[in-house]
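The structure appears below as structure tokens.
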Amino acid sequence: MQRRHPWVFESAIARGGADSGETVRVESHDGAFLAWAAFSPASKIRARAWSFVETQRIDAAFLASVCARAVAARGLFDLQSDGVRVVHGEADGLPGLIVDRYGDTLVAQFLSAGVERWKDVLADALLKATGLAKLYERSDASGREREGLKPVTGWLRGDGPTAIVIREHGWKLSLDIATGHKTGFYLDQRDSRQRFAELAQHRRFRRVLNCFCYTGGFTVAALAGLKAANALQGAQLVSVDSSLPALERARGHLALNGFEGQGIEAEFLDANVNTVLREFIDQGRTFDAIVLDPPKFAPTAAHAERAARAYKDINRLALKLLEPGGVLLTFSCSGGISADLFHKIVASAGIDAGVDGYIAERLGAAPDHPMTIEFPEGEYLKGLVVVRKPA
Ligand code: SAH
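Using the numbering used here, the letters of the sequence shown correspond one by one to residues 2 to 392.
Written out as structure tokens, the structure is:
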């Protein structure tokens, strides 16, 4: 905490205690003030900082001002979407709170004891700061257990449909805030989807493979790029995910965006990506664009080694399926895998596959998922654009 890192681990605490979510004064061994923090008796992260200013009172007015600042900060970015991450936890000074806005609806995850305790105050403050009336709670993420909290979902303020259509760039994307992953959608990949659309437009992809496609965001992006290049006719797109409801929504996105009847061939496979990649290699299929956006293989650094093998494996297989000159967008959203390590993993996948590539670009989370300099753990999503060297 001396360096404004927002967490105190259990092992770093010599004495003291409090109830779940209660505000505590954190002091160094010699009694010097370090921070005001929310106490979490069940969690390894035993306290999370609200403020490093000794004179600051942690009350409703303070939390309302932090919420208002987070909302105002989003105005700094040209996000080209009405799906926006309004609060990104520690980076916004609200440890354990995630809030996404989908049109006129807020969806919040209260994932720490501190924000749980202040839930009503935060809900009112968020609605006031955004001028909205509806807030749905999706506090059913696994992090809640580690804080000793039970899962909770449902309308916290207002009421309305849980099926929502947002506009990202020029596209329509449907989601359900009650049943979708996380708060309903992966807003963090917004900029990378846009980049994929640009690449599709420029390179006129003929065969696209979107692995771990969820509701087909990257598939829609590719189609939008091809449409802009007047190159939809004859394009083949394969989208793979192990969630059938997500795939059905992905398929629905074709009609929703007017891509049906345009001479495209779109397959949606309810399957394990690892199996599909191996089958495609056996069948001799190749692609000129592949997206690999797997779930978090390494939630923490402790899982890094096993996760590294899993990442290497899928990247090796994908590189084998890539045409010379083709493009691979490969991601890791594991906090436990650094950008540096991820680069090394992809490099060794290339060696094993016998494929040479250029790292053409580095990708990351969209700017409404900010990182702060004090909190390196905030860098979770990293991506590489790898171009296979032409034959
Ligand atoms: N690219 C997506 C987000 C992907 S999230 C987007 O832009 O919206 C990761 C996805 O991987 C989830 O949809 C999950 O259902 C899927 N998944 C997890 N393990 C899988 C596996 N072994 N094979 C196929 N899909 C898997």
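Note that CB positions come from ideal geometry on N, CA and C, so glycine has one too.
Going by DSSP, what residues sit across from residue i in a beta bridge?
i    : result
I167 : L174
I46  : F10
G84  : Y103
T56  : Bridge partners of T56: none, in fact.
W37  : R26 and S52
Q18  : For the sequence presented, residue 18 should be read as Gly rather than Gln. DSSP, once it has assigned bridges, lists no residue as partnering G18.
T154 : R139
R363 : L385
H344 : In DSSP, H344 forms no bridge with anything.
L95  : Paired residues: none, contrary to the question.
H89  : I99
Return the first residue and the last residue of the alpha helix (DSSP H) that residue i is part of.
i    : result
G226 : G218 to A229
I291 : Premise fails: I291 lies in the beta strand (DSSP E), F288 to L293, not in any alpha helix (DSSP H).
G28  : In the sequence as displayed, the identity of residue 28 is Glu instead of Gly. Unbroken run through E28 is the beta strand (DSSP E), T24 to E28; no alpha helix (DSSP H).
S66  : A61 to R75
K390 : Note, K390: premise wrong, no alpha helix (DSSP H); not H, not E.
R5   : Careful: R5 lies outside any alpha helix (DSSP H) and carries neither H nor E.
G144 : G144 to R147
A114 : A114 to R118
Starting from residue i, follow the beta strand (DSSP E) in both directions and report where the run begins and ends.
i    : result
V356 : That residue, V356, is in no beta strand (DSSP E); it is neither H nor E in DSSP.
T106 : T106 to F111
S1   : Here the chain has residues from 2 to 392 only, and residue 1 is not among them.
Considering only C-alpha positions, which residue in the set the options is nearest to residue i?
i    : options                   : result
F219 : Q190, R205, G235 and R208 : Q190
L174 : Y215, G262 and S66        : Y215
R1   : E380, F298 and F376       : Lying outside 2 to 392, the shown extent of the chain, residue 1 is not represented and no answer is given.
D369 : S29, A71 and R47          : A71
R118 : R102, G155 and S21        : S21
A114 : L123, L136 and R145       : R145
K390 : G358, G365, G76 and R16   : G358
M2   : R16, G259, W37 and A15    : W37
G1   : G235, N258 and A232       : The structure shown does not extend to residue 1, since the chain is modelled only from 2 through 392, so no value can be given for it.
L342 : K383, R75 and V356        : K383
S393 : W172, V292, L35 and K45   : Because the chain in this structure spans residues 2 to 392, residue 393 falls outside the shown range and cannot be described.
D1   : V25, R16, R205 and T373   : Outside the displayed range of the chain (2 to 392) lies residue 1, so it cannot be described from this structure.
R204 : A33, L233 and D101        : L233
Q202 : N231, G181, T180 and G226 : G226
L385 : L95, H344 and P371        : H344
V356 : R363, A348 and E362       : A348
L112 : V166, D160 and T184       : T184
H182 : T131, R158, K297 and A340 : K297
A336 : S244, G365 and I282       : It is Gly, not Ala, that sits at residue 336 in the sequence shown. Residue G365 is the option with its Cα nearest to G336.
R58  : E280, A33, V25 and S244   : V25
L323 : D289, A392, A340 and D314 : D289
N275 : A223, V241, S339 and G171 : V241
H254 : I167, A230 and Y312       : I167
P246 : V100, A230, S29 and A272  : A272
Flag residue i as yes if its beta-carbon sits less than 8 Å from any beta-carbon of chain B, otherwise no.
i    : result
F111 : Absent from the structure: chain B. Only one protein chain is present.
Inter-stretch contact (C-beta, 8 Å, three-pair minimum) for the stretch 237-255 and the stretch 323-334: no
Counting Cβ pairs, one atom from each stretch, are 3 or more of them under 8 Å apart for the stretch 28-44 and the stretch 149-167? yes
Are at least three pairs of beta-carbons, each pair with one atom in the stretch 106-124 and one in the stretch 195-206, less than 8 Å apart? no
Is it true that the stretch 262-272 meets the stretch 301-313, where meeting means three or more beta-carbon pairs spaced less than 8 Å apart? no
Is it the case that the stretch 73-88 contacts the stretch 181-190, given that we only count it when at least three CB pairs across the two stretches are under 8 Å? yes
Can you confirm whether the stretch 126-145 touches the stretch 45-53 when touching is taken to mean that 3 or more C-beta pairs between the two stretches lie within less than 8 Å? no
Take every Cβ of the stretch 175-182, pair it with every Cβ of the stretch 205-214, and state whether three or more of those distances are shorter than 8 Å. no
Within the stretch 176-214, ranges of the alpha helix (DSSP H) (whole runs, at least 4 residues): 191-204
Tell me the start and end of each unbroken beta strand (DSSP E) in the stretch 258-338 that is at least 3 residues and wholly inside, in chain order. 266-271, 288-293 and 323-333
How about the stretch 64-78 and the stretch 125-132: do they share at least three Cβ pairs that are nearer than 8 Å? yes
Taking 8 Å as the cut-off, does the stretch 284-297 touch the stretch 314-330 (at least 3 CB pairs, one atom from each stretch)? yes
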